[in-house]
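Novice: Line by line, the protein sequences are chains A and B.
The numbering used here numbers the first residue of the first sequence as 1 and each following residue consecutively.
The numbering used here numbers the first residue of the second sequence as 262 and each following residue consecutively.
Submitted below is the structure of interest, expressed as structure tokens.
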Amino acid sequence: MPEQPPPRPRAPRRLSVVGVLGELLITVGVLVLLFIGWYVWLNDIIVGGEQTQAAVELQQQWAEQSRGERGEDAPPPPPVYEGQSPDAAPVRAEPGGVNDALATLIVPRFGADYARTIGQGIDVRDVLNSRRTGVGHYPGTQMPGELGNFAIAAHRNANGAPFGRLVDLRVGDHVYVETADGWYEYTFRGLEYVAPTQVDVIAPVPRDAGADPAERILTMTTCNPLFSTAERAVAYSVMTAWYPREGGMPAELSELGQGEA
Amino acid sequence: MYAALWRALPGPVWLRVLIVLVLLAGILWALAYVVFPWAADVLLPQDVTVEE
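The following block contains the structure:
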């Protein structure tokens, strides 16, 4: 009768230093991979979704107000193809509080449902990392519709990446700024790449500090290259039309499905 | 380490699996909403504005 093999000794229950160290190192590796995945992908979905939701709620609030003023039963004004002259656009006072919502930003090139809230100030933690706003207005620069430069900044990656596709803008693309009064239509003119200290890009006449403004400029700044802060990408647009709220939404936006609940 | 943690869990295998899944979900949630935002804030460059 063949001899039975001896029973396999049970694995020792004692923790070995090398074993624990190895498992800890594997854990750290997994955490780093998870962090990278979160940073470049999941975070933008989570935070971007919250920022878009907040902007849509603000837009709906303005639409409700306007409906209340016109009377509940009044039909919504039909979409408009031709806006009015920018000279007719009202200019709101600059809000005083940090991260006070002053407008929403709608950029069809960034996606049909793209909408973000513009908050007052450019503090990283209070405004640019905010899950409610994410786009910040440079304090002291002009307001939407004002002669001069309405300058805003946002992240290109992470924290919702509101300007993640800033350099995809093409000449002629429309960038809309919405307030309770209506829609300011800006038309994209060009990109510029500058050093982070090039502050005259947000002057009333960009790159010509001290000059008297004759146009209504929108300047958007973000970091460049992607995932770096070595430079800044700057997008300039010029105001080309004004759509008062009581006159109806720009047709381009209603065709995209903007403003629907 | 993980083997010792597994043995420390009470109950039959299905209950242990359930406990592990719940723990994992909690850890992943805490990572995505608390730990990673803090780490990104501390570790990574954030500047998107022009200033002197």
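Even for Gly, the Cβ is constructed at its ideal location relative to N, Cα and C.
Would you call the region 140–156 of chain A and the region 27–37 of chain A in contact, with 3 or more CB pairs under 8 Å?
Specialist: Taking 8 Å as the limit for Cβ pairs, the verdict is that the region 27–37 of chain A does not touch the region 140–156 of chain A.
Novice: Gly29(A) by DSSP, collapsed to three states: which one?
Specialist: In this structure, Gly29(A) counts as helix in the three-state DSSP scheme.
Novice: So, at 6 Å on beta carbons, what are the nonlocal neighbours of Ser66(A) in its own chain, with the 5 sequence-adjacent residues on each side left out?
Specialist: Counting only Cβ-Cβ distances below 6 Å, and skipping sequence neighbours, we find Arg245.
Novice: In this structure, how does DSSP classify Asn43(A) when only helix, strand and coil are distinguished?
Specialist: In this structure, Asn43(A) counts as helix in the three-state DSSP scheme.
Novice: For the alpha helix (DSSP H) that contains Ile122(A), what are its first and last residues?
Specialist: No alpha helix (DSSP H) contains Ile122(A), which DSSP labels as neither H nor E.
Novice: Are the CB atoms of Tyr184(A) and Pro144(A) nearer to each other than 7 Å?
Specialist: Yes, Cβ-Cβ distance for Tyr184(A) and Pro144(A) is below 7 Å.
Novice: Using CA atoms only, rank isn't needed, just tell me which of Met239(A), Ala251(A), Ser228(A) is closest to Leu304(B).
Specialist: The residue with the shortest Cα to Cα distance from Leu304(B) is Ser228(A).
Novice: I need the DSSP call for Ala54(A), collapsed to helix, strand or coil.
Specialist: Helix at Ala54(A).
Novice: Helix, strand or coil: which one does DSSP assign to Pro244(A)?
Specialist: Pro244(A): strand per DSSP, three-state reduction.
Novice: Determine which residues of the region 14–35 of chain A have a Cβ less than 8 Å from any Cβ of chain B, and write them out in chain order.
Specialist: Per Cβ criterion, the list reads Leu15, Gly19, Val20, Glu23, Leu24, Leu31, Leu34, Phe35.
Novice: Counting along the chain, where does the alpha helix (DSSP H) carrying Trp267(B) start and finish?
Specialist: Run containing Trp267(B): 263–269, per the alpha helix (DSSP H) assignment.
Novice: Return helix, strand or coil for Pro250(A), following the three-state DSSP convention.
Specialist: In the structure shown, Pro250(A) sits in a strand (DSSP, three-state: E or B).
Novice: Are the CB atoms of Ile122(A) and Tyr138(A) within a distance shorter than 7 Å?
Specialist: Yes, the pair counts as a contact, with Cβ atoms nearer than the cut-off.
Novice: Provide the residue span of the alpha helix (DSSP H) that contains Ala300(B), from first to last.
Specialist: Element bounds for Ala300(B): 297–304.
Novice: Decide if the region 185–205 of chain A is in contact with the region 222–241 of chain A; the criterion is three or more beta carbon pairs, one per stretch, under 8 Å apart.
Specialist: Output reads yes: the region 222–241 of chain A touches the region 185–205 of chain A.
Novice: Is the number of C-beta pairs between the region 73–85 of chain A and the region 263–276 of chain B that are closer than 8 Å three or more?
Specialist: Too few Cβ pairs lie closer than 8 Å, so no.
Novice: Identify whether Phe188(A) lies in helix, strand or coil by the three-state DSSP scheme.
Specialist: Residue state, collapsed to three classes: strand.
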